[in-house]
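*Asks:* My structure is below; once you've seen it, I'll send some questions.
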Amino acid sequence: MAASYSRLNQRRGGSCILCRKGYKSTELDVTKTFAEDKHFEICGIQLDKPKIIVLSIYRTPNSDVKIFFKHLSNILSKLRNKKHKIVICGDFNIDLGASDKNSIQFKELIVNQGLQYHINKPTRLNKCIDNIISNIDGAIGETFNFYLSDHNTAQTITVEHQDLNNNRFYNMTLKDLSKENINKFVNYIGSISFNEICELNNVNDAFNEFHDLLTLFHKLCFPTIKVKIKQNNKKPKWITKGVKISSKTKRLLRYKYYLNKNSENKQQFKTYSRLLKKCINNLQSLCNRRVIALSRNKVKATWDIVKKSMGNVLPREFIGSIIDNSITLTSGSDISNKFNNYFIDIANNNSFNSINNNNTDLLSIQSQDNSIFLEPTSATEIYWVIHSLKNTKSAGYDGITTDLIKYIARYIAPPLEHIINLSFEQGCFPDRLKLSLIKPLHKKGTKSDVNNYRPIALTPILSKIFEKIMYKRLLKYLDKFEILVPQQYGFRQNKSTTMAIFTLVKNILENMNTKKPSCALFLDLSKAFDLVDHNRLIEKLEKYGVRGPAKKWFQSYLSNRQQITRLAKLNKVTNTIEDFDSVPRTNSCGVPQGSILGPLLFLVYINDLPQSISHQCVLFADDTTIIIKSNQPQNLSSQVNKALGEIIKWLDTNKLKINISKTNVIYFKTWKSKPIQLNVSYNTSVIEQIHCSKFLGITVDEHITWKTHIENVCVKINRFVFALRKITCITSMQTALMVYHAYVCSVIRYGIIVWGNSSDISRVFIAQKKCVRAMFNIDWCDTCKPAFQSNNLLTVPCIYIYEISKFVKNNPQFFVSNNNINKRKATHLEFQLPIPRLELFRRSCIYMGPLIYNSLPKTITGLPPNKFCVMLREWLCQQCKFYNCERSVRYRL
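Residue numbers (the working numbering): 600 to 1492.
Right, dumping it as structure tokens:
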């Protein structure tokens, strides 16, 4: 027995830890300080090999949960600075599978300390009251029942870790992209005369000649070199000679104290340890600030530093084997071919919703009298298009990156002008640009199953130049003649997920406010982008006015497209990473993944869906939601079934597939409304009626209370409390604030216009204040107001006011202006307030939006949108006393 705690005031009870022989363990004295009968019965040990602290905790069912939370928080704060991993095993008598107040608070406490719980199954009857909590990444929890008690008598965690041949490095071949080689490449390209290419009149001949020159000098200037990639064993730069000497002195003082445990030796050791820790934190902070300052992506550099300091950086993992029909494939070539075949066949061999539906009617699409004109491009346009591309390290099959293309943009723009204009005139897309490189990315589950991977498609950078120039012309044409339906919010300028969410919520709440029974059908389309029928897409483009050379160009762009899958595999004999390419295969359907034109072409393909159904719908690319309302509740089921039939008919006609098992329906009601069972089905499949569903990352519940969504937001925010505390210690306050705005604020802001005035919003504000306390080291009993004010941070209520006011300013079409109702009735209010029948409606974005906007100072609302946002933020920062939205509405300057 390595450690134990026995109850002091009662017989029978406590906790203990048994340690296997051979492991050297030390009992933690700090646990005895916090141990308390019934409330917090704890013991703990420390292992040095491996570096793990193990705690065993028992809490009786009827004890005070507040004392438990207080003691657990305090002891974790004490152990936070140790470099050991923490594992907590215990019977907490708090059900982590529930969503009551105690369970939520326990989960938040766990996440705040950078921990996670590993047992998700019931451990006693139907409750998950026993658990293992740790900060070990990759740990997997399991339960075993030996039927020795009414609990599952064993819970374990195992850690999956790939051993890279026990070596601290592996070899890898890379292109030598030194500054000297880049300058050499730019000089070579600048000295080439492209006159011969500009005299060629065949698109493929001209592009092939151009591409050959580019790839030739690319190979000459950037030879492949072998490098050793170390496995995170490099000594940190802040470990100086002085730190080593001071650390040795600290160890000697500790040893001195163990030999003679008097108060003088103890105080000497503690004082020196405190000063050394402060010195090390300052050195770490100075070193990390320098790394971040020199980094191009400062947020990524910051998180890399945090992950390293927390010990969460694992070695690079590789696909070792794949199981195919009970046969294990280990060869790199076999695995890459298996992946490529899987990614191709999953789209080509898809079964659709109905059988033998050959309807190709396009009568629902109004034929355009106008036709698109492909305006010739210029070298200047090409130059700016190249520089508008995102800087990424990834490259297509030819290995040419965006950075290199930007270096030579002024030299390659003139020949590309000739080739692209030739491409537009002849309606021909270069064949070499139709080859995509696919890399498999593991999603979840077993790594030996191809079904658990998704493809990451990389198209050549030169293809993106062609596509972006065509994209600008096609989008300009579609916008000019208002061809894309207003119900589509995806991949469009001046449209956003926020607008789509607002539209859905507005329709639902207006139906509830006018006593009209309504529901929403949330459709799940299976691999919609991959199943687009090329012939059908060309027919639709022609109907919309894409004719002549433009039609031929898109036919060429979509036809004979190929893909190869590249797999990186570790050769354990030579300890070298080797790339294996599959055999190329032709993809006969779908819009090109990883392309610029793909999303826009999909919008064209799905554009006639709203015209094919008799109900309101909200689209965001392939995310499709249908809002069905009825005058009588008993008629709602038949209306939903009718709408589903219309959708299935359209999907069959367009060769898309609905995933019935993931499609669901919600009936929206007030707490006083009678429940209605919607019997919705298609063929033999039943559509599940659920209580809440995710729509574009926002969890919508049947009562529109936003309780579930707020729980999810709090979980996300609480994950950053520990991280922000760590960042503040090892970097600068400026970096911590940057991470706070990039991560915490972005989580709070997203969709807050619809859920920001709910009754549970105070929970999000509390989570936000935890983050602020962590950054500025503010005690839990002290106020956060000075930190908010001095750093110009908006509170959650202020963020809500800012976002909803900005939404009203930028989208007045969603609200009723007083000027449009009665111009003779002068009023100081800009927007009319809708009449609320329900309290739910009065607290909603439809009512609160114009109410808050009307309450703002006229010196702000009279400004143009860009200045409006700046001045509104400044004003809200001054009014930090806005700790709830109702108070801000009553306050007038």
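Glycine included, C-beta positions come from ideal geometry on N, C-alpha and C.
Keep in mind it's a predicted model, so treat the numbers as computed, not measured.
Pull the bridge partners of F1121 from the DSSP assignment, please.
*Replies:* Counting from one through the sequence shown, the residue named residue 1121 turns up at place 522. F1121 pairs with T1224 and N1263.
*Asks:* Any idea what DSSP makes of L1470, helix, strand or coil?
*Replies:* Counted from its first residue, the sequence shown places residue 1470 at position 871. According to the sequence provided, residue 1470 is Met. The question's Leu does not apply to it. DSSP places M1470 in helix when its eight states are reduced to three.
*Asks:* Contact check, M1111 vs F1267 under 8 Å by CB: the rounded distance?
*Replies:* Position 512 of the sequence shown, counted from the first residue, corresponds to residue 1111. Position 668 of the sequence shown, counted from the first residue, corresponds to residue 1267. About 6 Å; that satisfies the 8 Å criterion.
*Asks:* Give the DSSP bridge partners of R1184, in chain order.
*Replies:* In the sequence shown, the residue the question calls residue 1184 occupies position 585. Note: R1184 sits in a beta bridge opposite Q1162.
*Asks:* Is I788 closer than 9 Å to H1017 when the C-beta atoms are compared?
*Replies:* For the purposes of this step, residue 1017 is identified with residue 418 of the sequence shown, where counting begins at 1. For the purposes of this step, residue 788 is identified with residue 189 of the sequence shown, where counting begins at 1. Cβ distance not < 9 Å, so H1017 and I788 don't count as in contact.
*Asks:* According to DSSP, simplified to helix, strand and coil, what is T1327?
*Replies:* In the sequence shown, residue 1327 corresponds to position 728, counting from 1. The answer is helix: DSSP assigns T1327 an H, G or I state.
*Asks:* Can you tell me which of the three DSSP states K1424 falls into?
*Replies:* To locate residue 1424, count along the sequence shown from 1; it is residue 825. With a pLDDT of 47 at K1424, under the threshold of 50, the modelled position of this residue cannot be trusted, and the question is left open.
*Asks:* Using alpha carbons as the reference points, say which of Y1010, S930 and W983 lies closest to F547.
*Replies:* Because the chain is modelled from 600 through 1492, residue 547 falls outside the range shown and cannot be assessed.
*Asks:* Where does the unbroken beta strand (DSSP E) through P1014 begin, and where does it stop?
*Replies:* The residue you call residue 1014 lines up with position 415 of the sequence shown. Per DSSP, P1014 belongs to no beta strand (DSSP E); it is in the alpha helix (DSSP H), A1008 to Q1025.
*Asks:* Rounded to a whole number of angstroms, what is the C-alpha to C-alpha distance between C878 and Q1388?
*Replies:* Residue numbering aside, residue 878 sits at position 279 when the sequence shown is read from its first letter. Residue numbering aside, residue 1388 sits at position 789 when the sequence shown is read from its first letter. In a straight line, the C-alpha of C878 is about 30 Å away from that of Q1388.
*Asks:* If I'm right that L1103 touches T1224 with Cβ under 8 Å, what's the distance once you round it to whole angstroms?
*Replies:* For the purposes of this step, residue 1103 is taken as residue 504 along the sequence shown, with counting starting at 1. For the purposes of this step, residue 1224 is taken as residue 625 along the sequence shown, with counting starting at 1. Yes, L1103 and T1224 are in contact; Cβ-Cβ is about 6 Å, under 8 Å.
*Asks:* Using DSSP's beta-bridge definition, name the partner residues of D944.
*Replies:* Against the sequence shown, residue 944 aligns to sequence position 345. Answer by DSSP bridge pairing: none, since D944 is not bridged.
*Asks:* Can you tell me where the beta strand (DSSP E) with H1214 in it begins and where it stops?
*Replies:* As a position in the sequence shown, residue 1214 is number 615, starting the count at 1. Neither: H1214 is in no beta strand (DSSP E) and is coded neither H nor E.
*Asks:* Assuming Q704 is part of the alpha helix (DSSP H), what are its boundary residues?
*Replies:* Here residue 704 is taken as the residue at index 105 of the sequence shown, counted from 1. Taken as a continuous stretch (DSSP letters only), the alpha helix (DSSP H) holding Q704 covers K700 to N711.
*Asks:* Sort out for me which residues DSSP pairs N730 with in a bridge.
*Replies:* Your numbering for residue 730 matches position 131 in the sequence shown. N730 is bridged to G689.
*Asks:* What distance in whole Å lies between the Cβ atoms of K720 and T742, which are believed to be in contact at a cut-off of 8 Å?
*Replies:* Sequence index remark: in the sequence shown, residue 742 carries index 143 (1-based). Sequence index remark: in the sequence shown, residue 720 carries index 121 (1-based). The Cβ separation is near 6 Å, so the contact holds.
*Asks:* Could you say which of K631, H1340, I891 and N661 lies nearest to S655 if we only look at CA atoms?
*Replies:* Within the sequence shown, numbered from 1, the residue matching residue 655 stands at position 56. Taking only the C-alpha atoms, the option nearest S655 is K631.
*Asks:* In whole angstroms, what is the alpha-carbon distance linking P660 and S733?
*Replies:* Mapped onto the sequence shown, residue 660 falls at position 61. Mapped onto the sequence shown, residue 733 falls at position 134. Straight-line Cα distance between these residues: approximately 23 Å.
*Asks:* Does the stretch 1254 to 1265 touch the stretch 1113 to 1133, meaning 3 or more C-beta pairs lie closer than 8 Å?
*Replies:* The stretch 1113 to 1133 is in contact with the stretch 1254 to 1265.
*Asks:* E798: buried (16+ other C-beta within 10 angstroms of its C-beta) or exposed?
*Replies:* In the sequence shown, counting from the first residue as 1, residue 798 sits at position 199. When all chains shown are included, E798 counts as exposed.
*Asks:* Going by the DSSP bridge assignment, what does I985 pair with across the sheet?
*Replies:* As a first step, residue 985 must be located in the sequence shown, where it is residue number 386. I985 pairs with nothing; no bridge assigned.
*Asks:* Apart from the five residues on each side of it in sequence, which residues of its chain come closer than 7 Å, Cβ to Cβ, to V1346?
*Replies:* Within the sequence shown, residue 1346 is the residue found at index 747, counting from 1. Within the same chain, V1346 has close Cβ partners V1312, K1315 and I1316.
*Asks:* Under the DSSP definition of a beta bridge, which residues are partnered with T772?
*Replies:* The residue you call residue 772 lines up with position 173 of the sequence shown. Per DSSP, K825.
*Asks:* Could you compute how far the alpha carbon of M1332 sits from the alpha carbon of C1344?
*Replies:* Translated into positions along the sequence shown, residue 1332 becomes position 733. Translated into positions along the sequence shown, residue 1344 becomes position 745. Their backbone Cα atoms lie some 16 Å apart in a straight line.
*Asks:* Could you give the uninterrupted runs of the beta strand (DSSP E) lying entirely in the stretch 631 to 686, keeping only those of 3 residues or more?
*Replies:* If we require 3 residues or more, the beta strand (DSSP E) runs fully inside the stretch 631 to 686 come out as 640 to 647 and 650 to 657.
*Asks:* What's the call for D1222, buried or exposed, on a 16-neighbour Cβ count within 10 Å?
*Replies:* Position 623 of the sequence shown, counted from the first residue, corresponds to residue 1222. Per the 10 Å Cβ criterion, buried.
*Asks:* How many angstroms separate the CA atom of D663 from the CA atom of F705?
*Replies:* By one-based count along the sequence shown, residue 663 stands at place 64. By one-based count along the sequence shown, residue 705 stands at place 106. Spanning the two alpha carbons is a distance of roughly 13 Å.
*Asks:* Quick check: F1430 and S1416, are their CB atoms within less than 9 Å of each other?
*Replies:* The count along the sequence shown starts at 1 and reaches residue 1430 at position 831. The count along the sequence shown starts at 1 and reaches residue 1416 at position 817. Their beta carbons are under 9 Å apart, which means F1430 touches S1416 by this criterion.
*Asks:* If G1189 sits next to A946, beta carbons under 8 Å apart, how far is it from one beta carbon to the other, in whole angstroms?
*Replies:* The count along the sequence shown starts at 1 and reaches residue 1189 at position 590. The count along the sequence shown starts at 1 and reaches residue 946 at position 347. 5 Å between Cβ atoms; contact.
*Asks:* In or out: C1380 buried (at least 16 other Cβ within 10 Å) or exposed?
*Replies:* The residue given as residue 1380 occupies position 781 in the sequence shown. Exposed is the call here.
*Asks:* Specify the secondary structure class of A1127 as computed by DSSP and reduced to three states.
*Replies:* Locating residue 1127 in the sequence shown gives position 528, counting from the first residue. Correct three-state label for A1127: coil.
*Asks:* Using a threshold of 9 Å, state whether the C-beta atoms of I616 and A634 are closer than that.
*Replies:* Taking the first residue of the sequence shown as position 1, residue 616 is located at position 17. Taking the first residue of the sequence shown as position 1, residue 634 is located at position 35. Contact flag unset, no.
*Asks:* Using a Cβ-Cβ cut-off of 7 Å (strictly less than) and excluding sequence neighbours within five positions of I1195, which residues of its own chain qualify?
*Replies:* Along the sequence shown, read from residue 1 onward, the residue named residue 1195 stands at position 596. Excluding positions up to five away in sequence, the list reads K1063, E1066, K1067 and Y1070.
*Asks:* Taking the alpha helix (DSSP H) that I796 falls in, what are its first and last residues?
*Replies:* Taking the sequence shown and counting its residues from 1, the one referred to as residue 796 is at position 197. Taken as a continuous stretch (DSSP letters only), the alpha helix (DSSP H) holding I796 covers N794 to C797.
*Asks:* Should F1201 go down as buried or exposed, given a rule of 16 or more other Cβ atoms within 10 Å for buried?
*Replies:* Translated into positions along the sequence shown, residue 1201 becomes position 602. Buried is the call here.
*Asks:* Spell out the partners DSSP gives R723 in its beta bridges.
*Replies:* Position 124 of the sequence shown, counted from the first residue, corresponds to residue 723. In the DSSP output, where bridge partners are listed per residue, R723 has K726.
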